[in-house]
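Below: the structure, in structure tokens.
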Amino acid sequence: MSVLVAAVALTGCANKSVPMTEAGPLTLTRDKGAILFVLQRDPLLLQTPLTMTIRRYDPATNAFMDGGGDDDVADDPNVVEVKYATQSQLGRNDRYWTYVVPPGHYAIESVEITKTYNSVQFIGGNPIFGLAATLVVAAASAAAAEITHEQIAFSNQGYLTPDAPRFTVSGGQATYIGDFSFQGEEQVTQVTTTRSFNDPDMNETRSVSDLRVILDYEFHPEGIAWYAGRRGLGAGQVVGQRLAAFDDARFLVKDFSSADQERRKLARAPSMSPQQNSTQPTPVPAAFQPSATASDLSGLPKKELQRRFLSGEISMEEYNKARAGQ
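Here the sequence shown is numbered in the working numbering, starting from 996 and rising by one per residue.
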């Protein structure tokens, strides 16, 4: 996540909605609302860059709103791009992602995985040939990076699909839309390469990993009481809207290579259905209680500390203290 000053988002000076990264009061006027959500990631996906795009749309036509500029979404105030890179979360001090946006109707447009490639350098030999080879590999990697990505799209030619997760944002209110989690499932198979039919010891066996990425969802509005107190928001200023699109299914961002690639969803078991909580304003804010002391946390491995911070179980201060004590 880009580290941007919260005041820019609050005053509306920025062209595009950006995440708040500073703790403190949230001031919302009649022409400004806010989107709140929790974003978590399975440790299996810590090295998987993910992007979730949210866009404002016209409910009469299901077409996306035009920001009035060129095609670059970076300048469009109707677009929210949630970048969830490999280590981006470790600078945030607030569990809830907060985007200040114009009031209106919004929907999740897409969720995608973008693969990146490291640059290649040649050392030794003729520097001219080395440079040429480096440029060729870099160009090939850049081209591959553009095409080797997986996504689940909730739009088609600028219009929302019927199963798109939708919600509304009102002026002067912050709208909690739920807890999103990216879950990873791994399949490992053994592949044998036959190098000799006469001598089996010469054959090579290696493990091949295949990954499935699932976007899952839960709705826990009771947790926003802490958020409301942290942001200085009163009764009626924080509301919850459960996304009905997730009621009976989890969405596949990427399926196993051996699976039917036309699948968009996995059926949700009845016991896994999102909680059917009310969309009424949240109760009086309650004090936030840390999950454990720094001394307790310092004994945990780094990956577990990262997981707890990314899921909002511990604060940035607790994370840093625990790391310092290791």
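Ideal Cβ placement from N, Cα and C applies to all residues, glycine included. Note that the structure is predicted; figures quoted are calculated from it, not measured.
Distance between residue j and residue i (C-alpha atoms, nearest Å)
i	j	result
Ser-1105	Thr-1048	5 Å
Gln-1236	Phe-1162	7 Å
Gln-1301	Val-1208	19 Å
Pro-1195	Val-1183	22 Å
Leu-1041	Ala-1029	28 Å
Ala-1282	Arg-1303	Caution is warranted here: a pLDDT of 39 is assigned to Ala-1282, below 50, making its placement in the model unreliable, and no coordinate value can be reported.
Pro-1097	Arg-1201	53 Å
Ala-1317	Gly-1173	29 Å
Ser-1310	Asp-1291	14 Å
Ser-1293	Asp-1061	49 Å
Leu-1023	Tyr-1094	11 Å
Pro-1206	Gly-1179	Note on identity: in this sequence residue 1206 is Leu, with Pro being the wrong assignment. The alpha-carbon atoms of Leu-1206 and Gly-1179 are separated by roughly 7 Å.
Val-1186	Gly-1153	43 Å
Leu-1126	Met-1197	In this predicted model, Leu-1126 has a pLDDT of only 45, less than 50, meaning its place in the structure is not dependable enough to derive any value.
Lys-1027	Glu-1217	23 Å
Gly-1019	Glu-1312	16 Å
Asn-1193	Ser-1253	32 Å
Leu-1155	Asp-1053	10 Å
Lys-1260	Val-1074	25 Å
Pro-1072	Phe-1177	26 Å
Asp-1255	Glu-1308	36 Å
For residue j and residue i, believed in contact at Cβ under 8 Å, the rounded distance
i	j	result
Arg-1036	Ala-1102	Between Ala-1102 and Arg-1036 the Cβ distance is about 22 Å, and since that is not below 8 Å, they are no contact.
Arg-1025	Gly-1166	4 Å
Lys-1298	Pro-1038	6 Å
Phe-1175	Leu-1210	6 Å
Val-1164	Gly-1229	18 Å between Cβ atoms; not a contact.
Glu-1076	Thr-1056	Contact doesn't hold; Cβ gap of about 23 Å is too wide.
Closest Cα partner of residue i within the set the options
i	options	result
Pro-1014	Trp-1092, Ala-1230, Lys-1249, Val-1033	Trp-1092
Gly-1320	Pro-1296, Tyr-1094, Phe-1304	Pro-1296
Tyr-1079	Gly-1153, Val-1033, Arg-1225	Val-1033
Ala-1169	Gly-1224, Glu-1308, Tyr-1052	Gly-1224
Ile-1219	Gln-1178, Ala-1055, Arg-1090, Asp-1053	Arg-1090
Glu-1145	Phe-1246, Ile-1309, Pro-1072	Phe-1246
Ala-1159	Phe-1059, Ala-1254, Tyr-1171, Pro-1216	Phe-1059
Beta-carbon spacing of residue i, residue j below 8 Å
i	j	result
Val-1203	Ile-1108	no
Gly-1231	Leu-1021	no
Thr-1188	Glu-1199	yes
Leu-1031	Tyr-1212	no
Ala-1262	Ala-1244	yes
Pro-1157	Phe-1214	no
Val-1233	Tyr-1171	yes
With three or more C-beta pairs closer than 8 Å as the rule, is the stretch 1230–1241 touching the stretch 1143–1160? yes
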